[in-house]
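Asker:
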Amino acid sequence: MPENNRPARPQGGSEKIKKKKRKTGPFVFQSLKRRDILILVTFWLTSICVVALVLGFFMLRMSDLSRPVYKITPGEVTARSLYPLAEAAARAWESDVQFVNASATWNHASMAALEQPVEWVYRFYSPGLQRILFVIVTPEQEVMVRPHLEKNRRETRLVNLDSWRMDSPAAITEWLNHGGGRWLQESLNPVVSAQLSYSTAENALVWTISGLNVETGQSIDYVVKAE
551 MPENNRPARP
561 QGGSEKIKKK
571 KRKTGPFVFQ
581 SLKRRDILIL
591 VTFWLTSICV
601 VALVLGFFML
611 RMSDLSRPVY
621 KITPGEVTAR
631 SLYPLAEAAA
641 RAWESDVQFV
651 NASATWNHAS
661 MAALEQPVEW
671 VYRFYSPGLQ
681 RILFVIVTPE
691 QEVMVRPHLE
701 KNRRETRLVN
711 LDSWRMDSPA
721 AITEWLNHGG
731 GRWLQESLNP
741 VVSAQLSYST
751 AENALVWTIS
761 GLNVETGQSI
771 DYVVKAE
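Be aware that the sequence shown starts at 551, since it is given in our numbering, and climbs by one per residue.
(1) My output table needs one value for ILE622: the three-state DSSP class, helix, strand or coil.
(2) Note down, in chain order, each residue of its chain lying with its Cβ closer than 8 Å to the Cβ of GLU715, except the 5 sequence neighbours on either side.
(3) Within 10 angstroms of its Cβ, does PRO634 collect 16 or more other Cβ (buried), or is it exposed?
(4) Buried or exposed, going by whether 16 or more other CB atoms sit within 10 Å of the CB of PRO576?
(5) Is LEU738 helix, strand or coil when you go by DSSP?
(6) Please classify GLU700 as buried or exposed, where buried requires at least 16 other C-beta atoms within 10 Å of its C-beta.
(7) For MET716, name the three-state secondary structure that DSSP assigns.
(8) Who pairs with ALA744 in a beta bridge, going by DSSP?
(9) State yes or no: is the C-beta of GLN768 within less than 9 Å of the C-beta of SER737?
(10) On the DSSP letters alone, give me the boundaries of the alpha helix (DSSP H) that GLU637 sits inside.
(11) Please go through the same chain and pick out, in chain order, the residues whose beta-carbon is closer than 6 Å to the beta-carbon of GLU553, but skip the five residues on each side of it.
(12) Based on the DSSP output, what are the partners of SER601 in its beta bridges?
(13) If you count every other CB in all the chains shown that lies within 10 Å of the CB of PHE674, and 16 or more means buried, which is it?
(14) Could you give the residue range of the beta strand (DSSP E) that holds LEU683?
(15) On the criterion of 16 or more Cβ atoms from any shown chain inside 10 Å, does LEU605 qualify as buried, or is it exposed?
Structure representation (structure tokens):
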């Protein structure tokens, strides 16, 4: 049969076939089963969580390392060490005395000053006399007794010595590491006071450490259990 008499092929057929192949070509997710997709999603979510936890840990670690840690070195003169002298003087005044609280004040306070011995004031109560007694003990262990003139019929905030575990240096250290240290460095004329007493709100024996900036009136308080 002559070549001129062959039936002509329809034009554009090859292009249609190519287009059809492009449209029906395999897609990457079409070959994955639903279970495989869930596994991949779970893997990526788990990886993201692990990376976030690791970064968070290192960020917290770096913040802890950058935060200064304060510590008051315990000396021989503390609230607990001077207490026997105060109690002996109080019982010499009246034998039925009971311990109420102890307090001290550091004027022109600084880190160095807080590590120095300070004068402690101990307060006692006599149920028989119904009077308050103040006993002052100096760092040189000199004792002064000052009875209160007015009667006090009842005193309920008594201190149980068996529950007194934390001494004054540890209490001040707690205050320093809970904002007191930074406040102390930024204050121009700071006064720091410490008081050991029974707290009805806490229902426990507590230390109350307070700082006052005389120049600005700004203050910072911290309460920690002494038991």
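By construction, the Cβ of each residue, glycine as well, lies at the ideal position given by its N, Cα and C atoms.
Answerer: Taking the definition as stated:
(1) As a first step, residue 622 must be located in the sequence shown, where it is residue number 72. If DSSP states are grouped into helix, strand and coil, ILE622 belongs with coil.
(2) Numbered from 1 along the sequence shown, position 165 holds the residue referred to as residue 715. Before going further, note that residue 715 is Arg rather than Glu in the sequence given. Once the five neighbours on either side are set aside, the close Cβ partners of ARG715 are ALA776 and GLU777.
(3) Position 84 of the sequence shown, counted from the start, is the residue given in the question as residue 634. It counts as exposed.
(4) Mapped onto the sequence shown, residue 576 falls at position 26. Per-residue confidence for PRO576 stands at a pLDDT of 48, beneath the threshold of 50, marking its modelled position as unreliable; the derived number appears in the next sentence. Looking at its Cβ environment, which holds fewer than 16 other Cβ atoms inside 10 Å, PRO576 is exposed.
(5) Here residue 738 is taken as the residue at index 188 of the sequence shown, counted from 1. LEU738 falls in the coil class under three-state DSSP.
(6) For this step, residue 700 is matched to residue 150 along the sequence shown. Classification for GLU700: exposed.
(7) Within the sequence shown, numbered from 1, the residue matching residue 716 stands at position 166. In the three-state reduction of the DSSP assignment, MET716 falls in the coil class, being assigned neither a helical nor a strand state.
(8) Within the sequence shown, the letter at position 194 stands for residue 744. Per DSSP, ALA654 and ILE759.
(9) For the purposes of this step, residue 768 is taken as the residue at position 218 of the sequence shown. For the purposes of this step, residue 737 is taken as the residue at position 187 of the sequence shown. In this structure, SER737 lies closer than 9 Å to GLN768 by Cβ.
(10) Looking up residue 637 in the sequence shown gives position 87. Residues 629-643.
(11) In the sequence shown, the residue the question calls residue 553 occupies position 3. Reliability of the predicted coordinates at GLU553 is poor, the pLDDT of 49 falling under 50, and the value obtained from them is presented with this limitation in mind. If we look at GLU553 and ignore the five residues flanking it on each side, it has no Cβ neighbours.
(12) Sequence index remark: in the sequence shown, residue 601 carries index 51 (1-based). For clarity, residue 601 is Val in the given sequence; the question names Ser instead. Per DSSP, none; premise fails for VAL601.
(13) Taking the first residue of the sequence shown as position 1, residue 674 is located at position 124. It is buried - the Cβ of PHE674 has at least 16 other Cβ atoms within 10 Å.
(14) Sequence index remark: in the sequence shown, residue 683 carries index 133 (1-based). Segment 681-687, the beta strand (DSSP E) holding LEU683.
(15) Translated into positions along the sequence shown, residue 605 becomes position 55. Flag for LEU605 reads exposed.
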